[in-house]
Structures are given as structure tokens and as C-alpha cells.
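Residue numbers (this note's numbering): 15 to 352.
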Ligand code: NAP
Ligand code: GDD
């Protein structure tokens, strides 16, 4: 046991699952913020509690919302965590065009509220802060050079603009108050627990469901973009490593490879012996007013300073997701037939 206490916003999300898992294995008590909703969206945390029953007692959840500064500050001051991970976000880029002000409130102001809480607690005891920054901040940078910590930002969505603001809030609190505050600039990372309306999961789930006879078509948007995709389980290790350093800093976390959506389709549909061209249709609803065409990260600073590098290849990631979705499709089929 480390005896350390972590506070995670966004604990019910994809990264929340993998980070909580890692921290429990490291001996932390994990405290998490959950939103009150009518449908209790806690399936990933419930899954974790089932997978790690001996650790279940060490997870404590609090109702709250990062847009509610008073609530966030109260929880942080009462629980006195050693490490705060701000993963909460309206994380869908396309949706941010429909809800720009809400996205700003959650992704930018939410970060500021957490930073204020950390600043106040830091007067009492040392506390470290992690901000979930993103490769989307590079957005419209021209060319195909890999993006690093020194590449300028050019946000191309309300999501990305809000994340740029949060990035700068984090740097400013580090400089102004001397608090340990770091930005992980993470490139796209995926897993079997990825939300179903992100393109990787949408594709692996569709391939599995089409194979199982549960779906006949897959509607997608822009197929011409390139992304640097990694495995979420590997990327949360980088978050934790950043927080174990003596000095806080900002790090790009990426695989260093870039792949097209067509390559992703080839792999996912190939894994179930189908040709995606027989099933994919283009639907304008999934296009974005401004698009991020090309992402490829240079994580050499993380390799040098943190000793971090990804363990899972793109091919292994897609296979892992297809296998998991084939299992889900088989369960769905059994339910339909019973
Ligand atoms: P995710 O699965 O969409 O999870 C987002 C989490 O934020 C969920 O737990 C969600 O709660 C919570 N949340 C949303 N609005 C909130 C609010 N107002 N107050 C409190 N909690 C709120 O996202 P993810 O993939 O795990 O990503 C985690 C973080 O990393 C996000 O900040 C994302 O922007 C950032 N990021 C992700 C990637 C990636 O490729 N995955 C890359 C770079 C950066 P509900 O369950 O109630 O919705
Ligand atoms: N979601 C989605 N749905 N994307 C599609 C579709 C579709 O039907 N068709 C094509 N795409 C394209 C998008 O236009 C985008 O260029 C690319 O696939 C990836 O889209 P997403 O999977 O939605 O991810 P994202 O890159 O926009 O954002 C994710 O990664 C960011 C890091 O770069 C999110 O996880 C963000 O929260 C994260 O910051």
C-alpha cells in the first residue's frame, strides 16, 4: 500500500477505468467524481469492482460536476488527495460544435475550478494536478511533421479551443503559484471500453455486429483523415508517471505512427473476414465544420524523461477491440434468440 489518495474526475469514462485500475494496483485509495443522471452511467466502474473485488472498498464516489466550483472545491478540501487527475470532459469533438458553450464550461472552466481547489489545498499540504490535454490542440497545423511539446496550437473545434484554454490555465497555475501541475498531451487512445460513437469503436462494433447478422450497414463521415492511435491501458501509465516526477512538466504521449480510417476499416473488417467496402456508406451528419486532417505525435520527451513507451501496436489494438466486440455481438445474438 502506498497510503496515497487520488481524486479522479471523469472516473466513469474510458480512461477513468484504466487509471483507477492502475492506481488501485499501485496501492492508492481512489476517490472519483460522478455526475447524477437518471440512468446511472457507471458500467465501467461496476465492471472494475467485479474484476477486482478485493479492491472495491478502496473506490469512493462522490456526486458532483466540474462546472460546480463550490462542490468540487469542497470535495477536494475535505478529502485532501495527494494527486488530482482531471479527466472530466465533454470529449466528443463533433458534439462540441453543437454544444460549444457547454463544452467550454466543462472542458475549460471545469479545469479552472479544479486548479483553484488544488491551489487552496496546496496551502495545507502538497498536492499534484494532472490535466487531460489533447492532440486536438494541434488541429490545423499544416504538413506532416510529428507534433511535439514545442509545436504551436491551432485548435479546430470548440472542444479543442476549450482544451487549449485548460492547458494554459494549468501552466499558469504552475508558474503563478508553484503548484505541481502537468499537462499530458495525449494522442487518440482507444480500447474495448471506448465510447461507441468514436470512430474506432464504431467500426469494430459494426464489423462484429455485421458478422453476427445484427447490422447491415455502417454510416461514417470523413475517411481521409489520419490519426495516431494507441491503447488507453498504456497511456494511463504515462499519466501516472508524470505525477511521480519531482518537477511538473508537459508531455506528448503518442505511438509515433499514423494510420488512415481506411487502414482501420481494412484491419477491423478483415479480422471478421468481411470487405468493408460492401457495408460502409458516407453520411454527411458525421462530417465536421472544420476537420483535423493529420495527427502524429513525437513522444521522445516522454521516452527520455519518464521512460515511457507504448507496448501495444495498432494491429494488436484493433484485434483486441474486434475480439471484445465479437463477444458482445455473440451475447446480443444469444439474447435475441432466447
Ligand atoms: P470519456 O470516456 O468520454 O469520459 C469522459 C468522462 O468525463 C466521463 O466520466 C464523464 O462522465 C465525465 N464528465 C463529462 N462531463 C462532466 C462534468 N460536467 N462533470 C464531471 N464529469 C464529467 O473520455 P476519455 O476517452 O476517457 O478521455 C478522458 C479525458 O482525456 C477527457 O478529458 C478527454 O477530453 C481527454 N482526452 C482523451 C483522448 C482519447 O483519445 N481518449 C485523447 C486526449 C485527451 P459521464 O460518464 O457521466 O458522461
Ligand atoms: N466519431 C466519428 N464518427 N468520427 C468519424 C466518423 C464517424 O462516423 N467518420 C469519420 N470520422 C473521423 C472524424 O472526422 C475524425 O477525423 C476521426 O474520424 C476521429 O474521430 P473520433 O474517433 O471521434 O476522435 P477525434 O480524433 O475527433 O477525438 C478523439 O481524440 C482526441 C485526441 O486527438 C477524442 O477522444 C477527443 O476527446 C480526444 O481529445
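C-beta atoms are modelled at their ideal positions from N, C-alpha and C, and glycine is treated no differently.
Looking only at DSSP bridge pairs, what is residue i linked to?
i: residue 77; result: 48
i: residue 295; result: 233
i: residue 311; result: 161
i: residue 92; result: Paired residue(s): none; residue 92 is not in a bridge.
i: residue 97; result: 20 and 142
i: residue 34; result: According to DSSP, residue 34 bridges with nothing at all.
i: residue 147; result: 199
Helix, strand or coil, according to DSSP, for residue i in the structure here?
i: residue 321; result: coil
i: residue 43; result: strand
i: residue 142; result: strand
i: residue 187; result: helix
i: residue 16; result: coil
i: residue 126; result: helix
i: residue 380; result: Since the first residue of the chain shown is 15 and the last is 352, residue 380 is not available in this structure.
i: residue 171; result: coil
i: residue 302; result: coil
i: residue 392; result: With the chain covering only 15 through 352, there is no way to say anything about residue 392.
i: residue 182; result: helix
i: residue 316; result: helix
i: residue 110; result: helix
i: residue 103; result: coil
i: residue 155; result: coil
Hey, could you find the ends of the beta strand (DSSP E) residue i is sitting in?
i: residue 19; result: 19-23
i: residue 350; result: No beta strand (DSSP E) holds residue 350; the alpha helix (DSSP H) holding it covers 328-351.
i: residue 200; result: 194-200
How would you write the range of the alpha helix (DSSP H) that residue i sits in, first residue to last?
i: residue 115; result: 114-118
i: residue 306; result: Where residue 306 is concerned, there is no enclosing alpha helix (DSSP H), given that its DSSP letter is neither H nor E.
i: residue 64; result: 57-65
3 or more residues per run - each beta strand (DSSP E) lying fully within the stretch 249-291: For the stretch 249-291, the full-length beta strand (DSSP E) segments reaching 3 residues or more read 264-267 along the chain.
Contact between the stretch 151-160 and the stretch 88-102 (3+ Cβ pairs under 8 Å): With contact defined as three or more Cβ pairs closer than 8 Å, the stretch 151-160 and the stretch 88-102 are not in contact.
Minimum length 3: unbroken beta strand (DSSP E) runs contained in the stretch 202-247: As summarised for the stretch 202-247, the continuous beta strand (DSSP E) elements at least 3 residues long and confined to that stretch are 232-234, given in chain order.
Given 8 Å, three or more beta-carbon pairs between the stretch 210-224 and the stretch 273-293: Between the stretch 210-224 and the stretch 273-293, the count of C-beta pairs closer than 8 Å reaches three or more; the two stretches touch.
Given 8 Å, three or more beta-carbon pairs between the stretch 252-259 and the stretch 231-244: No, they do not touch.
At least 3 beta-carbon pairs within less than 8 Å: the stretch 18-27 vs the stretch 51-65: The stretch 18-27, when compared against the stretch 51-65, does touch it at the 8 Å Cβ threshold.
Contact the stretch 198-208 vs the stretch 263-278: 3+ CB pairs below 8 Å: Because the criterion of three Cβ pairs below 8 Å is met, the stretch 198-208 and the stretch 263-278 touch.
Any 3 or more C-beta pairs closer than 8 Å across the stretch 228-242 and the stretch 179-191: Inter-segment contact for the stretch 228-242 and the stretch 179-191 is absent: fewer than three beta-carbon pairs are separated by less than 8 Å.
Validate contact between the stretch 63-73 and the stretch 35-43 using beta carbons, cut 8 Å, 3 pairs: Yes, the stretch 63-73 touches the stretch 35-43.
Stretch pair the stretch 124-141 + the stretch 80-87: three plus CB contacts closer than 8 Å: A contact exists between the stretch 124-141 and the stretch 80-87.
Three CB pairs or more closer than 8 Å across the stretch 57-68 and the stretch 99-115: Segments in contact, no.
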